[in-house]
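Numbering (numbering that gives the first Met the number 0), first residue to last: 0 to 404. Backbone N, C-alpha and C define an ideal beta-carbon position, used for all residues, glycine too.
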Amino acid sequence: MIHSIIVILFCLVSAFFCPDRACCSEMKLIPSIHLRQEYTDNLFMTQNDIMDDFITTASPGLTVKQQSERLKLNLNSRLDRAWYHQNNELNGFDKVASGGLSYAVTERLDLSADASYLRDSRPDRDLDDTGLILDSTKRDRYNGGVSGNYLISEKTSATLSSSFHLDDYQTEGNENNDYKSNTVNMGIYHQPAWLNQLTTIFCNAQYSQYAYETSTVDYYSISTGAESDVSETFNIRFDLGARYTVSEFQTSKWVLSNPPYGYEIVSVEETNRSKGGIGQISLNYHGEFIHCAMRVSHDIQPASGRDGSSERTSMALTVGKRFTEELNCSLDGSYFVNNADEDEFSSVAIDEETFQLSFKSRYNFSPFVYLEAGHSFTRIMDETADDKVDRNLTFINYVHGFEMN
């Protein structure tokens, strides 16, 4: 898997240094520095022994963009240096690097590839994506994938993609938090003549395998839906489908041993099969001064750091207001429900609800320079541990970048 990432990155770098100037007609370098100051009243997001702290982060970064009529290349890298005012043992570096390449082989066929590497350590690193919290253990995350899109006719296209994911937690003697996944997805998209030209119907089929230290989940799904630009400012997308999962896991049981008879704990493998519905709907409004977006989804998703997957329902709402060309504000809310019975999709039971509400304002001095400040509130209710955790976080960001041609 690691070798696959190296190969993809090699392809990206090779394309970047391509001597054919017809393929590499335009290149942009965007160096930047990101400064962030924040205060949190619950650093580790715990119910007891609550600790607050100030965190200062300096993040130099570099973006490289290359584009021609047929080739698009995007490379990003950033180093995050964090200083904790009270918890100095958490001081350290996080880092991220990513690359993406797309190439129009013919007028009908497009191919693309991407890869990324991330090292992080914050307890709230997955909060915005999954609603779950972790500890401060360092994690190396690898992602990569390839995809192709073929235009069958003027109104019909087909896609095929394959991707992989690896989470490697730097925990001595305990690999239960690590997991890797492989996914294959196929889709058909069509614009029917009996609908307007801005409406597309589609059907997707997916297979994924989520492999953990003590369990494996094989996931199969098929869904169908539609996307339509109802007007110049309003877009709607929805899909509904079904999924089937096969979970294999190791569990401990008391069994009767051979003579002299007695009971002992042994590790046994069990299989659990389940099926259910999946779906999502998203609404987007882009006006001249107002932007609104809403998304609701339900599916089986990995729960990184929890030795398994969860049945996740998520809802997100964003409302943004642009006052001038430079000044804008936004209000964001999200709600997550993560559920998994013990030995269903996870070796441990998961029953958590997460609610987040945040407000931020941003002033753009230029396309690459801006100042941002905001506040967020988070509440996590863990029914399995009978815990309720609250956190308030206030932050201010300053980003300064410039473009070099």
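Residue closest to residue i, alpha-carbon to alpha-carbon, out of the options
i	options	result
E324	T182, F364, E382, T312	F364
S101	P258, K94, L70, P122	L70
G186	K179, G319, S161, R311	S161
D128	S333, V63, K359	S333
C202	Y209, N176, G240, W193	G240
D52	I29, Q46, D217, W82	W82
R294	R390, R236, F344	R236
E37	Q355, S303, N391	N391
R121	N90, A96, G98, L159	N90
F103	L72, D119, Q205	Correcting the residue identity first, residue 103 is Ala in this sequence and not Phe. Among L72, D119, Q205, the Cα nearest to that of A103 belongs to L72.
T62	I32, E263, I49	I32
S346	L330, R305, G60	R305
F376	N234, L126, G278	L126
S152	Q190, D119, N181	Q190
L194	R118, V267, L34, K154	K154
Y218	S230, T182, D238	T182
S357	M44, N75, S329	S329
E212	S180, R242, D389	S180
Buried/exposed call for residue i, threshold 16 Cβ in 10 Å
i	result
R138	buried
R20	Low confidence applies here, because R20 scores a pLDDT of 44, under 50, leaving its location unreliable; read the following figure in that light. So R20 ends up on the exposed side.
G407	The structure shown does not extend to residue 407, since the chain is modelled only from 0 to 404, so the question has no answer here.
Q85	exposed
Q205	buried
N257	exposed
H164	buried
H297	buried
Residue i - DSSP class collapsed to helix/strand/coil
i	result
A21	Bear in mind that the predicted position of A21 carries a pLDDT of just 43, short of 50, making it unreliable; the figure below should be weighed with that in mind. A21: coil per DSSP, three-state reduction.
N407	Lying outside 0 to 404, the shown extent of the chain, residue 407 is not represented and no answer is given.
L28	strand
E382	coil
T129	helix
E88	helix
A348	coil
P301	strand
T213	coil
D166	strand
D79	strand
I187	strand
N404	coil
Contact set for residue i: own chain, Cβ-Cβ below 8 Å, skip 5 residues either direction
i	result
Q169	T136, K137, R138, D139
D340	A348
Cβ-based neighbour list, residue i, same chain, cut-off 6 Å, excluding 5 preceding and 5 following
i	result
R80	A57, F92
S111	S101, S146
E352	V336, M380
D342	F248, T250
R311	Q300, N337
S115	S97, N142
L133	P122, G304
M50	L42
R361	N327, Y369, E371
Chain-order list of residues whose beta-carbon lies under 7 Å from that of residue i (same chain, five-residue window excluded)
i	result
S156	N148, Y149, L150, Y188
E402	K27, I29, F367
D166	R138, R140, D177, Y178, S303
L197	S227, D228
H285	T232
Meets three-Cβ-pair contact criterion under 8 Å: the region 320-339 and the region 226-233: no
At least 3 beta-carbon pairs within less than 8 Å: the region 104-123 vs the region 304-320: no
Inter-stretch contact at 8 Å, needing at least 3 Cβ pairs: the region 231-247 / the region 269-278: yes
The region 358-375 / the region 393-401 touching (three or more Cβ pairs under 8 Å): yes
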